[in-house]
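Going by the numbering used here, the sequence shown opens with residue 1, and the numbers climb by one from there.
The beta-carbon is built from N, C-alpha and C at its ideal position, and this holds for glycine as well.
Owing to the predicted nature of the structure, the values given are computational and were not obtained by experimental measurement.
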Amino acid sequence: MSGKPNYRGRFAPSPTGSLHFGSLVAAVASYADALHERGAWLVRMEDVDQGRVVKGSAGEILRTLEALGFEWDQEVLFQSRRKSRYREILAHLEQQRLVYNCGCSRREIAERAQMGIEGPVYPGTCRRSNDDDASGKALRLRTDQSEICFTDRIQGRHCQVLERDVGDFVIHRADGYTAYQLAVVIDDADQRINQVVRGADLLLSTPRQIYVQKLLDFAHPRYAHVPLVKDRLGRKLSKQDQAHPVAAKTPLPALQSAWKFLQQAPLPEKPDSVQEFWQWAANNWDMSRISPSNR
Ligand code: GLU
Numbered sequence: 001m002s003g004k005p006n007y008r009g010r011f012a013p014s015p016t017g018s019l020h021f022g023s024l025v026a027a028v029a030s031y032a033d034a035l036h037e038r039g040a041w042l043v044r045m046e047d048v049d050q051g052r053v054v055k056g057s058a059g060e061i062l063r064t065l066e067a068l069g070f071e072w073d074q075e076v077l078f079q080s081r082r083k084s085r086y087r088e089i090l091a092h093l094e095q096q097r098l099v100y101n102c103g104c105s106r107r108e109i110a111e112r113a114q115m116g117i118e119g120p121v122y123p124g125t126c127r128r129s130n131d132d133d134a135s136g137k138a139l140r141l142r143t144d145q146s147e148i149c150f151t152d153r154i155q156g157r158h159c160q161v162l163e164r165d166v167g168d169f170v171i172h173r174a175d176g177y178t179a180y181q182l183a184v185v186i187d188d189a190d191q192r193i194n195q196v197v198r199g200a201d202l203l204l205s206t207p208r209q210i211y212v213q214k215l216l217d218f219a220h221p222r223y224a225h226v227p228l229v230k231d232r233l234g235r236k237l238s239k240q241d242q243a244h245p246v247a248a249k250t251p252l253p254a255l256q257s258a259w260k261f262l263q264q265a266p267l268p269e270k271p272d273s274v275q276e277f278w279q280w281a282a283n284n285w286d287m288s289r290i291s292p293s294n295r
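This is the structure:
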C-alpha cells in the first residue's frame, strides 16, 4: 500500500485459537479504514503470554487473513521476540520510581478493594512498602488522580481517573510475562501506529494505555472501538471457546457478514473475488455508519 504517508493502522490478534468472527470484524474494520485512508496496515501477533498461545494458531490466523485477501505492510511482529525491548522500558519506568513490587493475591485484593470499572480497584496495599525482592511478584504502575479523556471515533468521549477507577495496574506479571497494557503501548509506539481500530472490549483499557504513553513521552494514536460480536447469551466470542472459526475456504461470505455487522452500505452486487470486495470496501468504507455500542 502507498499513498497518504501518515496513516498507520494495525491488527493485533492473540494466537490463542483460530480467527473467529469477532476478530474478523475487528480486522475488517481496521483494514478497510486503512485502505480508505490509503494508509499502511500492519499485523502484530500478540503472543506475549506464552501460556495462552495455541501452537500453530499464529500461522493459521495469517493463512486465513491471506485467504481473505488482507495484505499487510512489513513483516509480522511477534511480541514473544520483543522481551529485551520490554525490559528496557520497564527499567526506565523503575528508574523513575513509578513501579513497585506486589505480592498480593487476588483474594487479598478482593477483600479490601472497592469495585471499579473492570473489577476490584487495587487498594494500594504494597504502594509504600520498600520491598525490593521482585521474585514471583507482579510489578504495578503507580496511577494518580488526574482525569484521562479521549474521543473515540465510534464510541465518543470517554474519561477515567485511573487511581479511582482502576487503581495501580500490573505492567509485569508475577509469572514473568510483560502485561498486555505495557506491551501494546511499546509496540504501537515502535511501529509508529497512529490509528487503532479494535474491539470495544478494549475501550476501558485505553486510558491506561494513554497514561503509559504519557509517562513514556510517546505519541497518542487515535482510537476507534468497534462493537463486539456476542453469542446468543450476550457473551463476547472468544477464541478459547473455538467460537465460530472463520472458514478460509469461503472467504466472501465471511467478509460480507463482517461488512454487514459493521453496518456498512451493502454491496450492489456479489463480488467475484476478494480483491473486488476490498476494492469496493476501500472506496465505500464509512466509519460514521457504525453506531456506538454497549460493551
Ligand atoms: N490482542 C488483542 C486481542 O486479540 C487485541 C489488542 C489490541 O488490539 O490492542 O483481543
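At the C-beta level, Gly-116 and Thr-143 stay beyond 8 Å of one another. Excluding five sequence positions before and after Tyr-86, the CB atoms of its chain that fall closer than 7 Å to its own CB belong to Thr-178, Leu-182, Ala-183 and Ile-186, given in chain order. Restricted to the stretch 174-204, the beta strand (DSSP E) segments that are unbroken, complete and at least 3 residues in length are 195-199, listed in chain order. Uninterrupted alpha helix (DSSP H) stretches at least 4 residues long and entirely within the stretch 21-68 occur at 21-36 and 57-67, given in chain order. Closest option to Asp-47, judged by alpha-carbon separation, among Cys-149, Leu-216, Ala-134 and Thr-16: Thr-16. Within 7 Å of the C-beta of Glu-46 there is at least one heavy atom belonging to the ligand GLU. Annotation: Ile-290 is outside any beta strand (DSSP E) and is labelled neither H nor E by DSSP. In this structure, the C-beta of Arg-82 stays at least 7 Å away from each heavy atom of the ligand GLU.
Secondary structure at Asp-165: helix, using DSSP grouped into helix, strand and coil.
If you compare the alpha carbons of Gly-234, Arg-232, Asp-272 and Ala-224 with that of Pro-292, the shortest gap goes to Ala-224.
In this model, Leu-77 and Ala-110 are separated by some 36 Å (Cα to Cα).
Taking C-beta atoms as the reference points, Gln-264 and Asn-284 count as a pair closer than 8 Å. Distances between the C-beta of Leu-202 and the heavy atoms of the ligand GLU include at least one below 7 Å. CA-CA distance, Asp-188 to Met-45, rounds to 12 Å. Excluding sequence positions up to five before and after Arg-63, its CB lies within less than 8 Å of the CB of Ala-248, all in the same chain and listed in chain order. When DSSP states are grouped into helix, strand and coil, Asn-101 belongs to the strand group.
Fewer than three beta-carbon pairs drawn from the stretch 141-161 and the stretch 50-69 are found closer than 8 Å, and the two stretches are therefore not classed as touching. Between Gly-9 and Trp-278, the gap from beta carbon to beta carbon reaches 8 Å or more. In the structure shown, His-158 falls within a strand segment according to DSSP collapsed to helix, strand and coil.
Assigned with DSSP and collapsed to three states, Tyr-223 falls in strand.
If you draw a straight line from the Cα of Pro-123 to the Cα of Phe-150, it comes to about 25 Å. Taking Gln-114 as reference, the option from Thr-250, Val-28 and Arg-164 with the minimal CA-CA separation is Arg-164. Between the C-alpha atoms of Val-226 and Ser-257 there is a straight-line separation of about 15 Å. With a cutoff of 8 Å on beta-carbon distance, Phe-11 and Leu-237 are scored as not near each other. Straight across, the Cα-Cα distance linking Ala-27 with Arg-198 is about 8 Å. In this structure, Leu-35 places its C-beta atom within 8 Å of the C-beta atom of Ala-282. Residue nearest to Met-287 within the set Leu-215, Ser-273 and Gln-195 is Gln-195 (criterion: CA-CA distance). Rounded to the nearest whole angstrom, the CA to CA distance from Arg-173 to Arg-289 is 39 Å. Annotated three-state conformation of Leu-252 is helix, per DSSP.
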